Ligand SMILES: Nc1ncnc2c1ncn2[C@@H]1O[C@H](COP(=O)(O)OP(=O)(O)OP(=O)(O)O)[C@@H](O)[C@H]1O
Ligand SMILES: N[C@@H](CCO)C(=O)O
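In our numbering, the protein residues as written are 31 to 375.
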């Protein structure tokens, strides 16, 4: 492991501990879900992956004897600068737990009548392109599922996380929600019905993720995209998605790099990220396999085939943001692909 410095963090995966406390009908569980990168260049809305850290934490306390109006309430949120809603129907972490409780009542014959208090610890920046709302939702869902005896599979939980994205940014895209829960790479073959394919990461694939200190709301970044694209662009895009999936499955690092080309979203969104082209060039010059916008941005990700190169790439990207016209400070993480997905701490 490369020594951690003030902006490089390579995290070990936290060990599992389970129920934090349980007495007199009161149980407390802590869930965790890490950052995710949607799109992965050419896979707009159909491909995403999870990194190991950073991520959001959700602590749920179930009180079987407490009966109030809403079965879920938010008791505290830290790390959001007061930006997030406390209304349980508006915060993705609590909203998805409400959906989960509704589902297990109607489909699993579990009629929960108690109360769940929710504490949200945000470690992901908002509107960052790092799947902040999806991470809150995923951490809350695995904790709720554990609290109620795991009535749902992780695949079932993804449905609720996608609904959480609709609350967060007005569109129910799965490319952050699915990897936040399942880990690895996830290909969304179909949204109706939902058909998800998890793709394991090649052993030596590392992600350098750089978040410039600025915000870009997903809803705005989606509004600048065309509703139709020329057939020529579509052919290029789906050719690269097929190549990227093949490269991941065969650990063909050169092919992964060649496939990281986005002719649909990146051309429209790059102008919204100050210094994007300088950062992308710096990543390639430092040895990255490929580089593109993380999700809807403004974060930028790059893949490398070694941790050492990924560090050099991340540092070069940070420097490029700082020395671009916008002179943006940024945070940087280097991480392998997370295999576990959302989990109980
Ligand atoms: N628990 C939550 N965490 C983050 N955002 C939330 C949460 N609950 C509700 N939201 C809403 O979602 C908005 C952020 O959504 P947006 O998609 O722009 O950024 P994001 O969720 O950080 O995703 P990404 O990083 O993938 O762009 C916030 O402004 C907030 O209004
Ligand atoms: N696929 C989504 C990802 C959001 O993180 C978008 O690009 O709008």
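Every residue, glycine too, gets a C-beta built ideally from N, C-alpha and C.
Owing to the predicted nature of the structure, the values given are computational and were not obtained by experimental measurement.
Among the residues of its own chain, which have a CB less than 6 Å from the CB of residue 108, if the five just before and after it don't count?
-> By 1-based counting over the chain shown, the position of residue 108 is 78. The residues 151, in chain order, have a CB closer than 6 Å to that of residue 108 in the same chain once the five nearest residues on each side in sequence are set aside.
Indicate whether residue 229 and residue 278 have their beta-carbon atoms separated by less than 8 Å.
-> By 1-based counting over the chain shown, the position of residue 229 is 199. By 1-based counting over the chain shown, the position of residue 278 is 248. Yes.
Express the C-alpha separation of residue 346 and residue 363 in angstroms, rounding to a whole number.
-> By 1-based counting over the chain shown, the position of residue 363 is 333. By 1-based counting over the chain shown, the position of residue 346 is 316. For residue 363 and residue 346, the gap between their C-alpha atoms comes out near 12 Å.
Out of 253, 198, 134, 93, point me to the one whose CA is closest to residue 146's CA.
-> Along the chain shown, one-based indexing puts residue 146 at 116. For residue 146, the nearest C-alpha among the options comes from 93.
Could you please give the first and the last residue of the uninterrupted alpha helix (DSSP H) stretch that includes residue 209?
-> For the purposes of this step, residue 209 is identified with residue 179 of the chain shown, where counting begins at 1. Its alpha helix (DSSP H) spans residues 207-212.
Distance, residue 291 Cα to residue 76 Cα = Taking the chain shown and counting its residues from 1, one reaches residue 76 at position 46. Taking the chain shown and counting its residues from 1, one reaches residue 291 at position 261. Pairing residue 76 with residue 291, the inter-Cα distance amounts to about 15 Å.
Residue from 117, 82, 54 whose Cα sits closest to the Cα of residue 95 | Here residue 95 corresponds to residue number 65 of the chain shown, with the count starting at 1. Selected option, being the one with the closest Cα: 54.
To the nearest angstrom, report how far apart residue 172 and residue 69 are at their CA atoms.
-> On the chain shown, position 142 is the one that residue 172 refers to. On the chain shown, position 39 is the one that residue 69 refers to. Roughly 24 Å separates the two Cα atoms.
Around the C-beta of residue 180, are 16 or more other C-beta atoms found within 10 angstroms, so that it is buried, or is it exposed?
-> As a working mapping, residue 180 is identified with position 150 in the chain shown. With fewer than 16 Cβ atoms within 10 Å of its Cβ, residue 180 is classed as exposed.
Would you say the stretch 240-255 touches the stretch 112-121, given that touching needs at least three Cβ pairs under 8 Å?
-> no
Cβ separation of residue 305 and residue 351, assumed to be a contact under 8 Å, to the nearest whole Å | Your numbering for residue 305 matches position 275 in the chain shown. Your numbering for residue 351 matches position 321 in the chain shown. With a Cβ gap of about 5 Å, residue 305 and residue 351 count as contacting.
May I ask you to list the residues that DSSP assigns as paired with residue 363?
-> As a first step, residue 363 is located in the chain shown; it is residue number 333 there, counting from the start. DSSP output for residue 363 lists 239 as bridge partner(s).
Could you tell me if the beta carbon of residue 214 falls within a distance shorter than 7 Å of some heavy atom in ligand 1?
-> Taking the first residue of the chain shown as position 1, residue 214 is located at position 184. No; taking the cut-off as 7 Å, the Cβ of residue 214 has no heavy atom of ligand 1 nearer than that.
Through-space distance from residue 238 to residue 319, alpha-carbon basis = If you number the chain shown from 1, residue 319 lands on position 289. If you number the chain shown from 1, residue 238 lands on position 208. Taking the straight line joining both Cα atoms gives about 11 Å.
Spatial distance of residue 268 from residue 98 (CA atoms) | For this step, residue 268 is matched to residue 238 along the chain shown. For this step, residue 98 is matched to residue 68 along the chain shown. Rounded to whole angstroms, residue 268 to residue 98 spans 50 Å at the Cα level.
Check each candidate in 250, 365, 249, 309 and name the one with the smallest Cα separation from residue 334.
-> Translated into positions along the chain shown, residue 334 becomes position 304. It is 365 whose Cα lies nearest to the Cα of residue 334.
Any heavy atom of ligand 1 closer than 7 Å to the CB of residue 114?
-> Stepping through the chain shown from its first residue, residue 114 is reached at position 84. Yes, since a heavy atom of ligand 1 falls inside the 7 Å radius drawn around the Cβ of residue 114.
Does ligand 4 have even one heavy atom less than 7 Å from the beta-carbon of residue 152?
-> No copy of ligand 4 appears in this structure; the ligands present are ligand 1 and ligand 2.
Straight-line Cα distance separating residue 125 from residue 43 = By 1-based counting over the chain shown, the position of residue 43 is 13. By 1-based counting over the chain shown, the position of residue 125 is 95. Unreliable positioning characterises residue 43 in this predicted model, as indicated by a pLDDT of 47, which lies under 50. A coordinate reading is not provided.
Any heavy atom of ligand 1 within a distance shorter than 7 Å of the CB on residue 252?
-> Here the question's residue 252 lines up with position 222 in the chain shown. Every heavy atom of ligand 1 is 7 Å or more from the Cβ of residue 252, so no.
Within 10 angstroms of the Cβ of residue 368, are there 16 or more other Cβ atoms? Answer buried if so, exposed if not.
-> As a working note, residue 368 is residue 338 in the chain shown. Burial call: buried.
Residue 129: first and last residue of the uninterrupted alpha helix (DSSP H) it sits in | As a first step, residue 129 must be located in the chain shown, where it is residue number 99. 122-137 is the span of the alpha helix (DSSP H), which, as asked, contains residue 129.
Within 8 Å, strictly: CB atoms of residue 60 and residue 89 | Here residue 60 refers to the residue found at position 30 when the chain shown is read from its first residue. Here residue 89 refers to the residue found at position 59 when the chain shown is read from its first residue. For residue 60 and residue 89, yes; Cβs fall inside 8 Å.
Contact check, residue 275 vs residue 187, beta carbons under 8 Å | Along the chain shown, one-based indexing puts residue 275 at 245. Along the chain shown, one-based indexing puts residue 187 at 157. Cβ atoms of residue 275 and residue 187: not closer than 8 Å.
What does DSSP give as the partner residues of residue 65 in its beta bridges?
-> Position 35 of the chain shown, counting from 1, holds the residue named residue 65. The partner list for residue 65 (beta bridge, DSSP) is empty, contrary to what the question assumes.
Apply the 10 Å Cβ neighbour rule to residue 87 and answer buried if 16 or more other Cβ atoms are within range, or exposed otherwise.
-> Counting from one through the chain shown, the residue named residue 87 turns up at place 57. Per the 10 Å Cβ criterion, buried.
Residue 170 and residue 197: beta carbons closer than 8 Å?
-> Position 140 of the chain shown, counting from 1, holds the residue named residue 170. Position 167 of the chain shown, counting from 1, holds the residue named residue 197. For residue 170 and residue 197, no; Cβs fall outside 8 Å.
From residue 223 to residue 353, what distance separates their C-alpha atoms?
-> For the purposes of this step, residue 223 is identified with residue 193 of the chain shown, where counting begins at 1. For the purposes of this step, residue 353 is identified with residue 323 of the chain shown, where counting begins at 1. C-alpha separation (whole angstroms): 46 Å.
Return yes when at least one heavy atom of ligand 1 lies under 7 Å from the C-beta of residue 244, else no.
-> Numbered from 1 along the chain shown, position 214 holds the residue referred to as residue 244. Residue 244: no, Cβ never under 7 Å from ligand 1.
heavy atom of ligand 1 below 7 Å from residue 148 C-beta = Counting from one through the chain shown, the residue named residue 148 turns up at place 118. Result no, Cβ not under 7 Å from ligand 1.
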